Every structure is written in C-alpha cells, then in structure tokens.
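The UniProt record's numbering puts the first residue of the sequence shown at 1, with every later residue one more than the last. Contents: one structure, followed by commentary.
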Amino acid sequence: MGTSRRWVTEAIARVERDVAATPLREVGLPREWGIRLHLKDESAQPSGSVKHRLLSAAYADALATGRITEGTTVVMATAGPAAVAGAYFARSIGVEFVAVVPGSTKAEKAAAIEAMDGRCRPHHPPAAIYQEARRLAADSGGFYLDHFAAAAHVMDWRARDAFPERRGTGTDDRGSGNIGAEVVAQLGRAPEWIVAGAGTGATSGAIGRFLRYRGYETRLAVADPENSAYFPGWASGAPDYGTGMPSRIEGIGRPRMEPGFLASAIDLVVPVPDAAAVGALAHLRSFAGIRAGGSTGTCLWAAWRLIDRMLAEGRQGDVVAVMGDAGAAPDLDGTAYAEAVARFLATGRLDVP
C-alpha cells in the first residue's frame, strides 16, 4: 500500500509551519540622515540560515508531487547551510537524509548536518558530488533534491498566504515564506532598498517578483562576492556566464549563472570584495554587537554603498540587508574597510579603500 494522503498532508503542514517570521535588527545611523538600516535576521530560522525558506518550499513541492513519500531517503549534494536545512526538514517528517559532500569538508560543517540527524557521504572530486548524489538516490530508490533547480520555481513569490491568521496586524510569528512580504509587514511601509545575496537565486528571485507583483517602488540589490558569475552575467546580459572559480563566502556566489537567478527581477548587482565583507562584519561586531556570517558582511557592505548613494542624492528611507546566517567568514584582513565604515558614520562620506 502506498503512502497515505493523511501522511502527505501532515508532512506538508509540518514543513510549511516550521518557517519563522524572522526579526528585523536595526543598526543605528545618525538621525539627521533620515535613513534607517535593518538586518533581516535569517539566522533565527530553526536550521540557522536563509536556506531554510527554500528547503521548506522544496520539501512541500516534492511532497505534493509525490517525489517524497513515507520512507523516502532524501539526497542532496552540498555541505553548506542548504544541507543543514535539508536534514532539518527530513527529520521533521521522519525520513532519512544523506548529504553528498566534498571530501575536503571541514568537520564542523559535517557536524552541523549530523546534528540534524543527517548523514554525510564524502566524495572526490568536489565537482562530481552532484552526479554522485543522483546516482545514490537512483540506486536507493530515494529522491535527489536539486536545490539549485528547485530555486527557480518553488518559492512563494506572490506571498498570498503571508501572515494568514493575523493579516494586517504584523503580530503573527509564522513566516510567510517570502522575505519581502515580511519586511513590508514588519516595517509597516515599503523600504527604499532590500539587499540580498545570491547562491541558488531563490531569495532574490522571490523578493524581486513580489515587489513587482505588489507594485512597490522598493528596489532590489544583490550583493555578489569575488569569483561569482552573477555580477558579470547580470551586467553583460549573458545567462550562461561562468567563472569556473568557487566563492569564498559561504552560501552565496556561484561559478556559473544558476537557473534560479532571475536577473530581470533585480535592479542592481553590487560586486563586493571579500575583504570588504570581512571588514563590514568586524565593524558590525564592534559597533552594534552583532555577530554574523560572511554572506551578511557582503550584503552589509553593499548596503553601505547604497546608503552613501542615498545621502548624495538627498534620499531618505529604509534599507534592509538580509542577514543570511551566523556562520564563518574568510580569514582576510578587512581592517581598511571596517575603518572606512567608521569614518562614513562620522562624516557621511564613504571612501572606498
């Protein structure tokens, strides 16, 4: 007998319920600027990162289409935050989870997956983990969850179910699945800018489509680290652009344009030096007491660039940067960039090192 409809219904409800409405954390700016900077703290998600929303949507989609059933083993090819989220949701619905990871994966990254009851399967070379995950899923009768492919279609970009129990009150603690919808509800107004990183492209794609669908004037910027294909691909209009080099920033930046990266829904892509991301994080820790990961530093540096532009243009309003996780950052010297941010807050002029 196959999987019961009741099991599927309950599993979908469980994975959709386990998305938190994450807090906005304000970073104080000079009052006379008339600009407010907020961090959308996705590290508050149950699995610890912005990938939690994508994996919730991907699991719901796979359950609804019958690709995950009771007893299915879910297989992914990544050692990053997406695997942690994937293991979290597998545990939530009571199925097995295996992450095919590069053989060089650090012990702490494997431990984060295993803490969610997932299993890691190291594989060489790193570029072959996707093929190995597909093979493993096929041989075991499991399901290969390709989160890069899922990013193109599973996210709730219309946000029709945002805060359903308490629509309009801004007090519901259940997430909508769409960061843009939550930001507008929490602020009570549309911000000038939302800044996000891009790994799969799921987050920026969902935000960008939501803003246009609802008619908001908010602009979307994607902060892109070194070695990533997204900035040059967006700037040149080349959907097949590739760099062939991995990003050093956890969770964002890709060596190729991924199917979930919706360039036409993005107003600006800001290339960010990795040292600038590290410097922005160092300043954030000393200035606001907030610890975050490398993707947050990348988004934060891009936000400082946008705020500098707003001041020069005499514009006011809110800027929201996505705080993707609280993980590690590259071991780089970001001192010059941290000092540049400190001077910016004192002078209102950002001098880029």
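No residue lacks a Cβ here, since even glycine has one placed at the ideal position from N, Cα and C. Treat the numbers as computed from the prediction; the structure is a model and nothing was measured.
Item, Value
"Spatially closest choice to A115 from S204, A99, S104, L345, by CA coordinates", "A99"
"Where the alpha helix (DSSP H) containing I179 begins and where it ends", "179-187"
"For P273, the nearest candidate out of V341, I307, G334 (CA to CA)", "G334"
"Same chain only: Cβ atoms within 6 Å of S47, ignoring 5 sequence neighbours per side", "V84, A85, Y88"
"Rounded distance between the beta-carbons of G279 and Y337, thought under 8 Å", "3 Å"
"Residue environment, S56, which counts as buried when at least 16 other CB atoms sit within 10 Å", "buried"
"Separation of R6 from G233, as counted between CA atoms", "45 Å"
"Local Cβ density within 10 Å of E70, reported as buried at 16 or more and exposed below that", "exposed"
"Backbone secondary structure at A329 - three-state DSSP", "coil"
"Alpha carbon of L332 to alpha carbon of A275, nearest angstrom", "6 Å"
"Backbone secondary structure at S43 - three-state DSSP", "helix"
"Inter-stretch contact at 8 Å, needing at least 3 Cβ pairs: the region 175-189 / the region 293-302", "no"
"Bridge partners - G348, DSSP secondary structure assignment", "None, per the DSSP bridge assignment."
"Secondary structure of E32, DSSP reduced to three states", "helix"
"Member of G188, S228, V8, L281 whose CA lies at the smallest distance from the CA of F261", "S228"
"Separation of A196 from E217, as counted between CA atoms", "17 Å"
"Residue range of the unbroken beta strand (DSSP E) whose run includes P246", "Careful: P246 lies outside any beta strand (DSSP E) and carries neither H nor E."
"Helix, strand or coil at T296 [DSSP, three-state]", "helix"
"Identity of the residue in F287, H38, G80, D224 nearest I266 by Cα", "D224"
"Assigned exposure category for H147 - 16 Cβ within 10 Å defines buried", "buried"
"Cβ-based neighbour list, S92, same chain, cut-off 7 Å, excluding 5 preceding and 5 following", "R14, V15, D18"
"Simplified DSSP assignment, three categories, for V8", "helix"
"T73 - DSSP class collapsed to helix/strand/coil", "strand"
"Through-space distance from A21 to L187, alpha-carbon basis", "13 Å"
"Short Cβ contact (8 Å threshold) for P81 with G201", "no"
"Exposure label - P239; buried when at least 16 CB within 10 Å", "exposed"
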